[in-house]
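Asks: Provided herewith is a single structure, encoded as structure tokens, for subsequent inquiry.
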Amino acid sequence: MEPCWADVDFSMGRIHHQLKSRASMHAYVSASAIIYTAAILEYLTAKVLEMASNARKDLKAKSFTPWHLHLANRKNEELDTLIKGTIASGDVIPHIHKAFSNKTAKE
């Protein structure tokens, strides 16, 4: 299974293996399921990298870091629900609750 099947960048063989390993013992995995999964992975990868690039430009950084990927995932509500995991070295997004800020404490 070669990537040239559907002109995608992800390995069809690896996707087939992953789908087959998660299916029941004798389940058949069609070629269209493999191509569809590869297309979805490619789209999501492009979307996350585009948003991380925008985050990098906003912060005026010269290179990508896991922090930019983390920001891209957390800023998009759909991606945030899809990717609930933690990105290694991604830190946390700075946010101070209103109850803890000095302005509301004085009022």
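Residue numbering for the sequence shown follows UniProt numbering, beginning at 1 and increasing consecutively. Using N, Cα and C, we set each Cβ at its ideal position, and we do this for glycine too.
Can the beta-carbon of A52 be found closer than 8 Å to that of L69?
Replies: In contact: A52 and L69 (Cβ atoms closer than 8 Å).
Asks: Helix, strand or coil for I83, going by three-state DSSP, please let me know.
Replies: Here I83 sits in coil by DSSP.
Asks: Just the C-alpha distance for L41 and H16, rounded to the nearest angstrom, thanks.
Replies: Each residue's Cα considered, the two are about 13 Å apart.
Asks: Roughly how far, in whole angstroms, is the beta-carbon of A38 from the beta-carbon of V8, given that I think they are within contact range, below 8 Å?
Replies: Their Cβ separation, rounded to whole angstroms, is 4 Å, which keeps A38 and V8 in contact under 8 Å.
Asks: Can you tell me which of A27, N73, K60, S24 puts its alpha carbon nearest to the alpha carbon of L49?
Replies: Closest option to L49, Cα to Cα, is N73.
Asks: Quick one, are the C-beta atoms of L44 and A55 less than 8 Å apart?
Replies: No, they are not a contact pair.
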